[in-house]
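Protein chains in written order, with our numbering: chain A, 325 to 492; chain B, 30 to 183.
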C-alpha cells in the first residue's frame with residue numbers, strides 16, 4: 325500500500341476556562357443587562373472608573389464605594405482601524421475599535437464605532453451607545469452593540485486627554 | 030457604605046465558560062513527515078545517528094554533532110516500558126478514556142524511547158513490561174494512528 329506523504333498536520337489547541345469577572349465587573353455587566361452604564365467612584369480621589377476593573381482605585385488602593393450611573397454618551401480618545409481579516413472575526417473590515425471616555429468617567433472603555441466610515445473617526449469625536457433590543461439585554465459587553473457619532477461638535481481633545489491623566 | 034456598593038456576594042458574581050481555540054497547522058518537514066507517513070502505513074521508522082544509535086521518534090539532527098540525519102530504520106511495534114506515570118482520571122482529550130499510563134516505550138530495534146499511552150487493565154503497569162501497539166484501522170498520519178499500547182501478554 326502506498327500513501328501520500330504527510331507534509332502538514334493540524335494541531336488544534338483548545339483551552340476551556342471558567343471565567344469569573346469578580347465583583348466589580350459583575351456589577352458593571354449586570355448594569356448593562358438593565359440598560360445602564362455604571363461607574364464606580366473612588367472615595368479618596370473621586371476618580372470614576374467604568375468597565376469594572378478590580379473594584380479598587382488603582383491609584384489610592386481603596387475600594388470604590390459609590391456606584392455612579394453614567395450617560396450613554398462619550399468622546400473618542402484614541403482609535404484603531406482594523407483592515408485585516410482574522411479567524412473568528414464577525415465584523416466586516418475595515419472597522420474601528422476606539423477608546424471612549426464616557427461623560428463623567430475618568431477612564432475610557434474600549435468599543436466599536438459603527439454607522440460612520442472608518443476614515444472619518446477622529447480623536448474628540450462625540451459618540452453614543454447603541455444597545456441591543458431590551459429583550460436581548462444580557463450581562464455581557466455585547467449588550468452595547470457599538471457606539472455611533474452623535475453629530476455634536478467635537479470635544480476639545482486636549483482637555484479630554486488631560487482629564488484622564490493620573491495627576492489631573 | 031451605601032447598599033449599592035456592598036461587597037458582592039457569591040451569588041452576585043458572574044461566571045461564564047470561556048473557550049480559547051487555535052486551529053494551528055504546521056509543516057512537519059522531511060523527517061517527521063516520513064515518520065508520520067510510516068504510521069499511516071502501519072510502520073514505525075526511526076533514524077540512525079552518527080554513532081549508530083536508532084532514535085524513535087526520529088530526530089532531524091544528530092544530538093552529538095548537529096549534522097542532518099537521513100538513514101531511516103524500521104523498528105518493531107512492540108517494546109519495553111522504561112518509565113511511566115499513572116493517570117487515574119483521564120481528561121476528555123486524553124487518548125484513553127479509562128485509567129491508563131503515559132509511558133516511555135523503547136521499541137525493539139530502537140535505542141531511545143517513544144512517549145505514548147498504555148492501557149493496562151487492572152493497573153498492572155510496571156517498568157520493564159513488554160507492550161505492543163494497538164493500531165487504528167483508519168489512519169491519517171498522526172501519532173494517534175497508534176490508539177495506545179497494550180501489554181503484550183494480554
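In this text, a Cβ means the ideal position worked out from N, Cα and C, and glycines have one as well.
Alpha carbon of residue 32 of chain B to alpha carbon of residue 381 of chain A, nearest angstrom: With a pLDDT of 40 at residue 32 of chain B, under the threshold of 50, the modelled position of this residue cannot be trusted; read the value that follows with caution. Distance between residue 32 of chain B and residue 381 of chain A, taken at the CA atoms: about 19 Å.
Contact list for residue 316 of chain A against chain B, beta-carbon separation under 8 Å: The shown model of chain A, from 325 to 492, leaves out residue 316 of chain A, and the question about it has no answer.
Residue-level contact to chain B via CB, residue 460 of chain A, 8 Å cutoff: No, residue 460 of chain A does not count as interfacial toward chain B.
Under 8 Å from the C-beta of residue 50 of chain B: neighbouring residues of chain A: 336, 337, 338, 339
Pairwise C-alpha distance: residue 404 of chain A and residue 349 of chain A: 24 Å
Per-residue contacts from residue 359 of chain A into chain B (C-beta, under 7 Å): Result: empty, since nearest Cβ-Cβ is about 17 Å, beyond 7 Å.
Every unbroken beta strand (DSSP E) within the stretch 48-96 of chain B, with a cutoff of 3 residues, ordered by chain: If only uninterrupted beta strand (DSSP E) runs of at least 3 residues are considered, those enclosed by the stretch 48-96 of chain B are 54-56, 73-77.
Where residue 332 of chain A falls, given that 16 or more other Cβ within 10 Å makes a residue buried: exposed
For residue 110 of chain B, the three-state DSSP class (helix, strand or coil): Strand, per DSSP.
Cβ of residue 411 of chain A within 8 Å of any chain B Cβ: yes
DSSP-derived helix/strand/coil call for residue 151 of chain B: helix
Residue from A:396, A:401, A:393, A:368 with nearest C-alpha to residue 385 of chain A: A:368
Min CB distance residue 69 of chain B to chain A below 8 Å: Flagged as an interface residue toward chain A: residue 69 of chain B, by a C-beta distance shorter than 8 Å.
Partners in chain B for residue 327 of chain A, counting only beta-carbon separations shorter than 9 Å: 66, 69, 70, 168, 170
Inter-residue spacing [alpha-carbon to alpha-carbon] between residue 470 of chain A and residue 122 of chain B: 37 Å
Length at least 3, wholly inside the stretch 362-393 of chain A: the beta strand (DSSP E) runs in chain order: Scanning the stretch 362-393 of chain A from its first residue to its last, the whole beta strand (DSSP E) runs of 3-plus residues come out as 372-374.
Interface residues of the stretch 420-439 of chain A facing chain B [CB-CB below 8 Å]: Of all residues in the stretch 420-439 of chain A, none has a Cβ within less than 8 Å of some Cβ in chain B.
Three-state secondary structure (DSSP) of residue 161 of chain B: strand
Chain B within 8 Å of residue 463 of chain A, Cβ atoms only: yes
Whole-Å CB distance - residue 136 of chain B paired with residue 105 of chain B, under 8 Å assumed: 5 Å
Beta-bridge pairing of residue 489 of chain A - partner residues as DSSP gives them: According to DSSP, residue 489 of chain A bridges with nothing at all.
Inside the stretch 446-481 of chain A only - beta strand (DSSP E) runs reaching at least 3 residues: Those beta strand (DSSP E) runs which fall completely within the stretch 446-481 of chain A and span 3+ residues are 450-455, 468-473.
CA nearest to the CA of residue 392 of chain A, picked from A:487, A:364, A:329, A:442: A:364
Residues bridged to residue 398 of chain A [DSSP beta-bridge criterion]: A:426, A:451
Limits of the alpha helix (DSSP H) - the one that residue 120 of chain B falls within: From DSSP, residue 120 of chain B is part of no alpha helix (DSSP H); its letter is neither H nor E.
Three-state class that DSSP yields for residue 140 of chain B in the structure shown: coil
Per-residue contacts from residue 43 of chain B into chain A (C-beta, under 7 Å): Residues of chain A passing the Cβ test: 344, 345, 350, 353, 463.
Short CB-CB distance (under 8 Å) between residue 46 of chain B and chain A: yes
Residue 348 of chain A: first and last residue of the uninterrupted alpha helix (DSSP H) it sits in: 346-357
Among B:144, B:100, B:75, the one whose alpha carbon lies nearest that of residue 85 of chain B: B:75
First through last residue of the beta strand (DSSP E) which encompasses residue 334 of chain A: 332-334
Members of the stretch 72-83 of chain B near chain A, C-beta cut-off 8 Å: none
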